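First to last, the protein sequences are chains A and B.
Residue numbers in the first sequence follow numbering that gives the first Met the number 0, run continuously in steps of one, and reach 272 at the last position.
Residue numbers in the second sequence follow numbering that gives the first Met the number 0, run continuously in steps of one, and reach 346 at the last position.
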Amino acid sequence: MHQLLTFAFLAGLALPGLAQHAHAPTTNAGAWTDLPIIQAQADRQDRSRAQLRLSGLDAAEITVYPPAGPARTLPLHGGKAELTVGAQGNYHWLLARAESPEEIRVASSVRYFGNPGPAPTAMLAQPKSELEIVPQPLPREHWQYRSAEAWDFLIRFQGQPLADATLHFMSKNGSHAAFRSDAAGRVRLAFPNDWPADAMTEDGHRRPMTPFVLMVEHEAAGRRYLSAFNHVYGPDPMQARSLAAGAGCLALGGVLALPLLRRRKEKKEGKSC
Amino acid sequence: MLNSLTLGRLRLAVQLLMLFLTVWGSQVVGYYAAEKISGTLPALSCAYDKENGAYCVLVPLQHQLHHRVGEGLVAAQQISLQILLPLLFTLLTFLAFFVVLNKAFCGWVCPLGTLQELVFRLGRRLGLPVRRLAAEPAAKARPLKWLLLVTLVLALPLLAGLGLTPHATGDAWCQVCPSRIATTLLTADTEQTALKTGSPLEFALGATANILLGFTLVAALALRQPFCRICPLLAWNALFQKIGLLRLVKRQHDKCGKCRVCTEACPMDIEAISKEHGSKAFTEDCTLCGRCAEYCPEDGVIALKFGPLALFRSSRAYYKRRVQEEKPNGEIRPVKFHVKPAEPNRG
Ligand code: SF4
Ligand code: SF4
Ligand code: SF4
Numbered sequence: 000m001h002q003l004l005t006f007a008f009l010a011g012l013a014l015p016g017l018a019q020h021a022h023a024p025t026t027n028a029g030a031w032t033d034l035p036i037i038q039a040q041a042d043r044q045d046r047s048r049a050q051l052r053l054s055g056l057d058a059a060e061i062t063v064y065p066p067a068g069p070a071r072t073l074p075l076h077g078g079k080a081e082l083t084v085g086a087q088g089n090y091h092w093l094l095a096r097a098e099s100p101e102e103i104r105v106a107s108s109v110r111y112f113g114n115p116g117p118a119p120t121a122m123l124a125q126p127k128s129e130l131e132i133v134p135q136p137l138p139r140e141h142w143q144y145r146s147a148e149a150w151d152f153l154i155r156f157q158g159q160p161l162a163d164a165t166l167h168f169m170s171k172n173g174s175h176a177a178f179r180s181d182a183a184g185r186v187r188l189a190f191p192n193d194w195p196a197d198a199m200t201e202d203g204h205r206r207p208m209t210p211f212v213l214m215v216e217h218e219a220a221g222r223r224y225l226s227a228f229n230h231v232y233g234p235d236p237m238q239a240r241s242l243a244a245g246a247g248c249l250a251l252g253g254v255l256a257l258p259l260l261r262r263r264k265e266k267k268e269g270k271s272c
Numbered sequence: 000m001l002n003s004l005t006l007g008r009l010r011l012a013v014q015l016l017m018l019f020l021t022v023w024g025s026q027v028v029g030y031y032a033a034e035k036i037s038g039t040l041p042a043l044s045c046a047y048d049k050e051n052g053a054y055c056v057l058v059p060l061q062h063q064l065h066h067r068v069g070e071g072l073v074a075a076q077q078i079s080l081q082i083l084l085p086l087l088f089t090l091l092t093f094l095a096f097f098v099v100l101n102k103a104f105c106g107w108v109c110p111l112g113t114l115q116e117l118v119f120r121l122g123r124r125l126g127l128p129v130r131r132l133a134a135e136p137a138a139k140a141r142p143l144k145w146l147l148l149v150t151l152v153l154a155l156p157l158l159a160g161l162g163l164t165p166h167a168t169g170d171a172w173c174q175v176c177p178s179r180i181a182t183t184l185l186t187a188d189t190e191q192t193a194l195k196t197g198s199p200l201e202f203a204l205g206a207t208a209n210i211l212l213g214f215t216l217v218a219a220l221a222l223r224q225p226f227c228r229i230c231p232l233l234a235w236n237a238l239f240q241k242i243g244l245l246r247l248v249k250r251q252h253d254k255c256g257k258c259r260v261c262t263e264a265c266p267m268d269i270e271a272i273s274k275e276h277g278s279k280a281f282t283e284d285c286t287l288c289g290r291c292a293e294y295c296p297e298d299g300v301i302a303l304k305f306g307p308l309a310l311f312r313s314s315r316a317y318y319k320r321r322v323q324e325e326k327p328n329g330e331i332r333p334v335k336f337h338v339k340p341a342e343p344n345r346g
């Protein structure tokens, strides 16, 4: 078993083509929020490049944290930067900050590339700014945030869980909500079902996505901290599915097989040795 | 203790472990690890299962034919190395596993294979009749798995990439795969069971998967491995079986063709195992479960070999022990309780 997993792991590292999908979410850019956000856009097939755009924050650079190895900075030109990655590494954490004696404002997001690489566990655990919103966990390769689903986020301050903090949720679809972190700094966020009825059929086969931003504020030692994390979410897939029809077809299949269960006289087959 | 360890029990233990890994394995290998095992476990461990520990090889295969080869051909009007390499790697990884373990993935790993076996056991507990697929219908069913492999796994995803068939056919096999429904239901997720209502084609493909699973689960109460008979992964596996290190080896014996106990023990009702010998006995339908070797009552006639190494050989002594607990056709021997006569009252 161990060898099997080791082999699978090595194969995953060595073989860039292995099921690493490149379903880049289609982000709807636009001024729907004043909060600091980093939007990433890429060609669906491009596993090595994305265009980044920072808004709501006056910063000179974006820091990129790969799943393993040292962070690097990308200078911003007119709020834009191009992120290029090698053939290794899937989740890349993006962070921009603006600092004054009174306040530290942070924008953060994560960008997935369909390349093999280590799990983002260490990347997420590593403190990257004073006040942080950390996805617990991030959606896996084939997954995404979706309406009607609940996902956990950890609020951290100076690397420690921050209890009783208010996490604000805002989406381009127009939803607003606020959640409070528990004693362990965790927030369970239920994504709102705020899509039009025909959302699932919109844009042909591409998954429709809309951006959202989470924001938390905190004050300590006379300094204000504001951190945001933005990403995208899709509609509830059950909106365009029928469980009753599915259950009916399962039952139909079962009924078709029922004659096999009828007892009938069978000829004795073969003889024992 | 060792006396009660049979190949059948060992296989059941491995199957249950692999069922756990392939359906809920992210608990063991880590939430993100499935992405690394992606495509390397050539079993129906469904990519739609959010809790699994690996993905089915058919996902990258269809995906690459659709998005890389098909769309790449349209975009570049040529096949470049960059387009073909990932596909080649998927094939090579798969092949690497198969050179080592051959079709044992079917008999020892596949979650849908295991589920069907468990349901068949349940059928025995419920006292339901055992059905066999006679040689003729078995032979008729055989080409179906090749047809499904060529059309649903290979051709339609490629045609979808070329823009010739609807996008829904880009993972045509996944759409009709009953393992997708079974494994996600095992994680209490009903999303995949619910049929897509967006287009008649998607609805029809999804309905096929559900009907197939419903049929498989009820049929498996009486018939062993009903879905395996038409499974395209079995055909895919069969492509490489001649070069696999793990294999079934049978030598001729004068009773062969008459006693047929091995065929009766075979969950795939393979006639050739009792009639043929040499490479002809190891057919495309074999799942390397090893039951024929367990139930052959003649010493050393059937063996499971890894390269030159015999891992298991048939023997009369083992056969006698094995039939005590289970008949070749899978019927379980009733457990006999012996009531100890009451001690005479000496008081
Ligand atoms: S034939 Fe298909 S369903 Fe059956 S065990 Fe093999 S992969 Fe699984
Ligand atoms: S059980 Fe053994 S002896 Fe009988 S037919 Fe099968 S291989 Fe031959
Ligand atoms: S021939 Fe033997 S090893 Fe192959 S499926 Fe049948 S019983 Fe299993």
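In this text, a Cβ means the ideal position worked out from N, Cα and C, and glycines have one as well.
Here the structure is a predicted model, which is why all the values come from computation and not from measurement.
**Q.** Reduced DSSP category for residue 293 of chain B - H, G, I as helix; E, B as strand; rest coil
**A.** Against the second sequence, residue 293 of chain B aligns to sequence position 294. Three-state result, residue 293 of chain B: helix.
Q.
Judging by CA-CA distance, which residue of B/297, B/272, B/300 and B/263 is the nearest neighbour of residue 326 of chain B?
A. As a working mapping, residue 326 of chain B is identified with position 327 in the second sequence. Nearest C-alpha to residue 326 of chain B: B/263.
Q. So, does the CB of residue 130 of chain B fall closer than 7 Å to a CB anywhere in chain A?
A. To locate residue 130 of chain B, count along the second sequence from 1; it is residue 131. By this cut-off, residue 130 of chain B is an interface position.
Q: Work out the CA separation of residue 12 of chain B and residue 5 of chain B for me, nearest whole Å.
A: Taking the second sequence and counting its residues from 1, one reaches residue 5 of chain B at position 6. Taking the second sequence and counting its residues from 1, one reaches residue 12 of chain B at position 13. If you draw a straight line from the Cα of residue 5 of chain B to the Cα of residue 12 of chain B, it comes to about 11 Å.
(Q) At a CB distance below 9 Å, what residues from the region 80-104 of chain A approach chain B? Give them in sequence order. (A) If the cut-off is 9 Å between Cβ atoms, the region 80-104 of chain A has 89 and 90 near chain B.
**Q.** As assigned by DSSP and simplified to three states, the class of residue 208 of chain A
**A.** Here residue 208 of chain A refers to the residue found at position 209 when the first sequence is read from its first residue. Residue 208 of chain A sits in coil when the DSSP states are folded into three classes, being neither helix nor strand.
Q) Beta-carbon separation of residue 196 of chain A and residue 180 of chain A under 7 Å? A) Reading the first sequence from its first residue, position 197 is the one you call residue 196 of chain A. Reading the first sequence from its first residue, position 181 is the one you call residue 180 of chain A. Against a cut-off of 7 Å, the Cβ pair of residue 180 of chain A and residue 196 of chain A comes out as no contact.
Q) Any heavy atom of ligand 4 closer than 6 Å to the CB of residue 112 of chain B? A) You won't find ligand 4 in this model; what it holds is ligand 1, ligand 2 and ligand 3.
Q) Closer than 6 Å: is that where the CB of residue 269 of chain B sits relative to any heavy atom of ligand 3? A) As a first step, residue 269 of chain B must be located in the second sequence, where it is residue number 270. The beta carbon of residue 269 of chain B sits closer than 6 Å to at least one heavy atom of ligand 3.
Q. Mind checking if residue 104 of chain B is an interface residue toward chain A, Cβ cutoff 7 Å exclusive?
A. In the second sequence, the residue the question calls residue 104 of chain B occupies position 105. With 7 Å as the cut-off, residue 104 of chain B does not count as an interface residue toward chain A.
(Q) I'd like to confirm the pairing. Which residues does DSSP put opposite residue 90 of chain A in its beta bridges? (A) Counting from 1 along the first sequence, the entry for residue 90 of chain A is found at position 91. Its beta-bridge partners are A/111.
Q | residue 304 of chain B in three-state terms, based on DSSP | A | For this step, residue 304 of chain B is matched to residue 305 along the second sequence. Correct three-state label for residue 304 of chain B: strand.
(Q) I need the straight-line Cα distance from residue 77 of chain B to residue 120 of chain A, nearest angstrom please. (A) As a working mapping, residue 77 of chain B is identified with position 78 in the second sequence. As a working mapping, residue 120 of chain A is identified with position 121 in the first sequence. Per-residue confidence for residue 77 of chain B stands at a pLDDT of 47, beneath the threshold of 50, marking its modelled position as unreliable; no derived number is given.
Q) At least one CB of chain B closer than 7 Å to the CB of residue 149 of chain A: is that the case? A) Residue numbering aside, residue 149 of chain A sits at position 150 when the first sequence is read from its first letter. For residue 149 of chain A, not one C-beta of chain B is nearer than 7 Å to its own C-beta.
Q) If the cut is a Cβ gap below 8 Å, which residues of chain A does residue 190 of chain B touch? A) For the purposes of this step, residue 190 of chain B is taken as the residue at position 191 of the second sequence. Simply 236, 237 and 240.
Q: For chain B, find out if any of its Cβ atoms is closer than 7 Å to the Cβ of residue 173 of chain A; answer yes or no.
A: Within the first sequence, the letter at position 174 stands for residue 173 of chain A. For residue 173 of chain A, the answer is no, since every Cβ of chain B falls outside 7 Å of its Cβ.
Q: Run the CB neighbour count on residue 331 of chain B, radius 10 Å, all protein chains shown included, and call it buried at 16 or more, exposed below.
A: Looking up residue 331 of chain B in the second sequence gives position 332. Classified as exposed, residue 331 of chain B has fewer than 16 neighbouring CB atoms from the shown chains inside 10 Å of its CB.
Q.
Determine, for residue 27 of chain A, whether the minimum Cβ-Cβ distance to residues of chain B falls below 7 Å.
A. In the first sequence, counting from the first residue as 1, residue 27 of chain A sits at position 28. Bear in mind that the predicted position of residue 27 of chain A carries a pLDDT of just 41, short of 50, making it too unreliable to give a figure here.
Q: Spell out whether any CB of chain B is found under 7 Å from the CB atom of residue 136 of chain A.
A: For the purposes of this step, residue 136 of chain A is identified with residue 137 of the first sequence, where counting begins at 1. Using beta-carbon distances, residue 136 of chain A counts as an interface residue toward chain B, with a partner under 7 Å.
(Q) For a test of your reading of the model: does the CB of residue 286 of chain B fall under 6 Å from any non-hydrogen atom of ligand 3? Yes or no. (A) By 1-based counting over the second sequence, the position of residue 286 of chain B is 287. The nearest non-hydrogen atom of ligand 3 is less than 6 Å from the C-beta of residue 286 of chain B.
Q.
Give me the DSSP bridge partner(s) of residue 195 of chain B.
A. Numbered from 1 along the second sequence, position 196 holds the residue referred to as residue 195 of chain B. DSSP output for residue 195 of chain B lists A/240 as bridge partner(s).
Q. Would the C-beta of residue 272 of chain B count as close to ligand 3, meaning under 6 Å from any of its heavy atoms?
A. Locating residue 272 of chain B in the second sequence gives position 273, counting from the first residue. At least one heavy atom of ligand 3 is found less than 6 Å from the C-beta of residue 272 of chain B.
Q) Roughly how many whole angstroms lie between the Cα atoms of residue 149 of chain A and residue 230 of chain A? A) As a working note, residue 149 of chain A is residue 150 in the first sequence. As a working note, residue 230 of chain A is residue 231 in the first sequence. Each residue's CA atom was taken as its position, placing residue 149 of chain A and residue 230 of chain A some 15 Å apart.
Q: Could you have a look at residue 135 of chain B and say whether DSSP puts it in helix, strand or coil?
A: Walking along the second sequence from the start, residue 135 of chain B turns up at place 136. The answer is helix: DSSP assigns residue 135 of chain B an H, G or I state.
Q. What first and last residue would you give for the beta strand (DSSP E) that runs through residue 36 of chain A?
A. Here residue 36 of chain A refers to the residue found at position 37 of the first sequence. Its beta strand (DSSP E) spans residues 36-40.
Q. List, in order along the chain, the chain A residues whose C-beta lies closer than 8 Å to that of residue 210 of chain B?
A. Along the second sequence, read from residue 1 onward, the residue named residue 210 of chain B stands at position 211. One finds 248, 249, 251, 252 and 255 in chain A with Cβ atoms closer than 8 Å to the Cβ of residue 210 of chain B, taken in chain order.
(Q) Taking its Cβ as the centre, do 16 or more other Cβ atoms sit within 10 Å of residue 28 of chain A, making it buried, or is it exposed? (A) Here the question's residue 28 of chain A lines up with position 29 in the first sequence. Any reading at residue 28 of chain A must be qualified, since the residue scores a pLDDT of 47, below 50, and its modelled position is unreliable; no value is offered.
Q) Shortest alpha-carbon distance to residue 226 of chain A belongs to which of A/122, A/216, A/234 and A/220? A) Residue mapping note: residue 226 of chain A aligns to position 227 of the first sequence, counting from 1. For residue 226 of chain A, the nearest C-alpha among the options comes from A/216.
Q. Whose C-beta lies closer than 6 Å to the C-beta of residue 3 of chain B among residues of the same chain, with five residues either side of it excluded?
A. The residue you call residue 3 of chain B lines up with position 4 of the second sequence. So no residue of the chain qualifies.
Q | Within-7 Å CB hit, residue 217 of chain B to chain A | A | Residue 217 of chain B sits at position 218 when you count from the first residue of the second sequence. Taking 7 Å as the threshold, the shortest C-beta distance from residue 217 of chain B to chain A falls below it.
Q: Could you say which of B/261, B/130 and B/178 lies nearest to residue 113 of chain B if we only look at CA atoms?
A: Position 114 of the second sequence, counted from the first residue, corresponds to residue 113 of chain B. Nearest to residue 113 of chain B by alpha-carbon distance, out of B/261, B/130 and B/178, is B/178.
Q.
DSSP three-state label for residue 79 of chain A, please.
A. The residue you call residue 79 of chain A lines up with position 80 of the first sequence. Strand at residue 79 of chain A.
Q: Using the Cα positions of residue 186 of chain A and residue 162 of chain B, report the straight-line distance between them to the nearest angstrom.
A: Looking up residue 186 of chain A in the first sequence gives position 187. Looking up residue 162 of chain B in the second sequence gives position 163. Taking the straight line from one Cα to the other gives about 44 Å.
Q. Just how far apart, CA to CA, sit residue 120 of chain B and residue 278 of chain B?
A. Translated into the one-based positions of the second sequence, residue 120 of chain B becomes position 121. Translated into the one-based positions of the second sequence, residue 278 of chain B becomes position 279. Straight-line Cα distance between these residues: approximately 31 Å.
(Q) Can you confirm whether the region 236-254 of chain B touches the region 216-226 of chain B when touching is taken to mean that 3 or more C-beta pairs between the two stretches lie within less than 8 Å? (A) As far as the Cβ criterion goes, the region 216-226 of chain B does not touch the region 236-254 of chain B, which means the pair count is below three.
Q | Interface positions of the region 171-198 of chain A facing chain B (Cβ-Cβ less than 8 Å), listed along the chain | A | Within the region 171-198 of chain A, no residue has a Cβ that lies closer than 8 Å to any Cβ of chain B.
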